[in-house]
Amino acid sequence: MRLPRVEDIEKRIPRPEDFTARSRGPATTARVGTALGIAFGICFLTGLWSHFQYSSPGWLPIGPNPAWLYRVTQGTHVATGIASVPLLLVKLWSVYPRFFLRPPKARRDQLLDVLERASIGVLVAAAIFQLTSGLLNIVQWYPWEFSFRRTHEAVAWVAIGALLVHIAVKLPVIREGLGASVEDETPVHSDGPSRRAVLRGVTVASGLALVLTVGQTVPFLRKVSVFGVRDGGGPQDLPVNRTARAAGATRAASDPAFVLQLKAGGRSMSLTRDELAKLPQRTHRLPIACVEGWSRNAVWTGVAVQDLIALVGAPSGSTVIVRSMQTRGAFRTSELPGDFVDDPRTLLALELNGEPLSLDHGYPCRIIAPNRPGVLQTKWVRELEVRT
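Quick note: the sequence shown, position 375, residue 375 per full-length UniProt numbering, numbers continuous.
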């Protein structure tokens with residue numbers, strides 16, 4: 001049996017000009033790519049802000065005001081990520097024929113072509129990874145062993161770097177494409193849709209993706225967001241990300257002998273839940289917002305953290321370490337910076353929406369503070385220690 005020659009194989013591989021769909025071309029690619037680039041840019045900046053909120057750098061102090069800031073930035077982050085999915089699919093579809101472009105013959109041009117293709121490969125791989133891992137994080141399914149938060153941040157830098165390189169290399173082509181008409185210049189025999197139809201289609205698809213999912217962040221869209229992971233329901237009219245059972249906190253949190261430990265330097269104090277309830281109570285309406293993009297306003301009642309640490313002689317502006325009774329999972333300990341501790345809205349909450357906290361919402365007591373990621377609103381609190 002005679003093996004096929006390289007020339008014969010090469011003839012069987014399609015060329016870019018073999019794809020005659022009138023809807024493809026620079027005009028479509030440039031417009032969809034620009035929208036995708038803007039969405040990725042917003043997603044990167046809001047994601048970077050989210051990481052700053054988890055661990056604020058010294059040069060960027062993040063305070064409790066405005067109370068709704070994290071809710072807006074993280075909701076925007078997730079929304080632009082979801083909207084990017086149809087944009088990325090159409091972008092890849094529009095440039096797919098160029099995958100079959102033959103490499104140039106000159107060696108110098110071959111090297112440049114390889115570098116360009118490699119950078120595009122990195123960009124596409126990073127974009128697919130970010131969107132896929134982000135969507136899986138929304139539904140809280142982690143079929144991997146690595147840390148989602150650290151890896152998502154690291155690959156985000158790779159994606160945005162590759163995107164900037166791609167824009168720099170393709171800027172003349174982008175300008176030409178944006179200047180070209182979306183109307184078909186000459187009739188082409190093709191069963192495919194027109195360029196304008198493709199652009200309208202991807203706009204509608206991105207819009208539907210937002211409307212059908214963003215209700216977990218935007219309350220008035222909750223009833224139409226049929227694909228929203230969190231519909232706003234749950235115990236005490238608030239969703240639950242991690243139950244007491246999943247956190248391994250059920251036994252300790254249900255113990256009638258529970259006492260809260262307060263520590264500052266060499267001083268300490270223990271308070272039962274009944275004693276906490278007898279202290280001056282404050283009530284505030286504050287949002288709780290989680291990294292998955294969902295958020296909800298709720299009414300919280302409890303003791304101001306600044307009042308609690310004053311019982312052990314801690315000065316204002318003190319940083320407080322919060323320790324939980326949970327035995328499984330991350331964020332068993334969180335840190336309350338001085339600006340948050342000094343804010344009277346930062347509470348050790350005992351009640352939610354006028355009722356004692358349910359076990360899954362942090363009974364016997366939990367932290368609630370303005371402009372703070374949900375995982376740092378520590379539940380099942382057992383100890384507050386002032387850092388000295």
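Every residue, glycine too, gets a C-beta built ideally from N, C-alpha and C.
{"Item": "Span separating the alpha-carbon of Pro364 from that of Ser225", "Value": "33 angstroms"}
{"Item": "Inter-residue spacing [alpha-carbon to alpha-carbon] between Arg31 and Ser206", "Value": "14 angstroms"}
{"Item": "Residue from Thr80, Gly63, Pro26 and Pro64 whose Cα sits closest to the Cα of Leu45", "Value": "Thr80"}
{"Item": "Every unbroken alpha helix (DSSP H) within the region 120-185, with a cutoff of 4 residues, ordered by chain", "Value": "148-179"}
{"Item": "Every unbroken alpha helix (DSSP H) within the UniProt domain \"Oxidoreductase molybdopterin-binding\" (266-387), with a cutoff of 4 residues, ordered by chain", "Value": "273-278, 305-310 and 338-341"}
{"Item": "CB contact flag (Asn353, Ala277, <7 angstroms)", "Value": "no"}
{"Item": "Among Pro370, Ile138, Ile288 and Arg366, the one whose alpha carbon lies nearest that of Gln326", "Value": "Arg366"}
{"Item": "Lys263 - containing beta strand (DSSP E), residue span", "Value": "Val259 to Ala264"}
{"Item": "Exposed unless 16 or more other CB atoms sit within 10 angstroms - verdict on Gly121", "Value": "exposed"}
{"Item": "Exposure of Lys263, with buried meaning 16 or more beta-carbon neighbours within 10 Å", "Value": "buried"}
{"Item": "Whole-angstrom C-beta distance between Pro235 and Asp360, which should lie under 8 angstroms", "Value": "6 angstroms"}
{"Item": "Straight-line gap, Arg179 to Ser295 (C-alpha atoms, nearest Å)", "Value": "It should be pointed out that residue 179 corresponds to Gly in this sequence rather than to Arg. For Gly179 and Ser295, the distance between alpha carbons rounds to 41 angstroms."}
{"Item": "Inter-stretch contact (C-beta, 8 angstroms, three-pair minimum) for the region 32-39 and the region 82-95", "Value": "yes"}
{"Item": "Supposed contact pair Leu260 and Leu271 - C-beta distance, whole angstroms, cut 8 angstroms", "Value": "5 angstroms"}
{"Item": "6 angstroms CB neighbourhood of Ser316 in its chain, flanking five on each side removed", "Value": "Asp342"}
{"Item": "Span of the alpha helix (DSSP H), counted from its first residue to its last, around Ile38", "Value": "Pro26 to Tyr54"}
{"Item": "Nonlocal neighbours in the same chain, by C-beta distance under 7 angstroms from Asp237, ignoring five residues either side", "Value": "Asn353"}
{"Item": "Of the listed residues Val204, Ala246 and Trp49, nearest to Tyr61 (C-alpha basis)", "Value": "It should be pointed out that residue 61 corresponds to Pro in this sequence rather than to Tyr. That would be Trp49, whose Cα lies nearest to the Cα of Pro61."}
{"Item": "Cβ neighbour criterion (16 or more within 10 Å) applied to Pro344", "Value": "exposed"}
{"Item": "Start and end residues, alpha helix (DSSP H) containing Arg251", "Value": "Thr250 to Ser254"}
{"Item": "Cβ shell of Glu383 (< 6 angstroms), same chain only, five flanking positions each side left out", "Value": "Gln261 and Arg323"}
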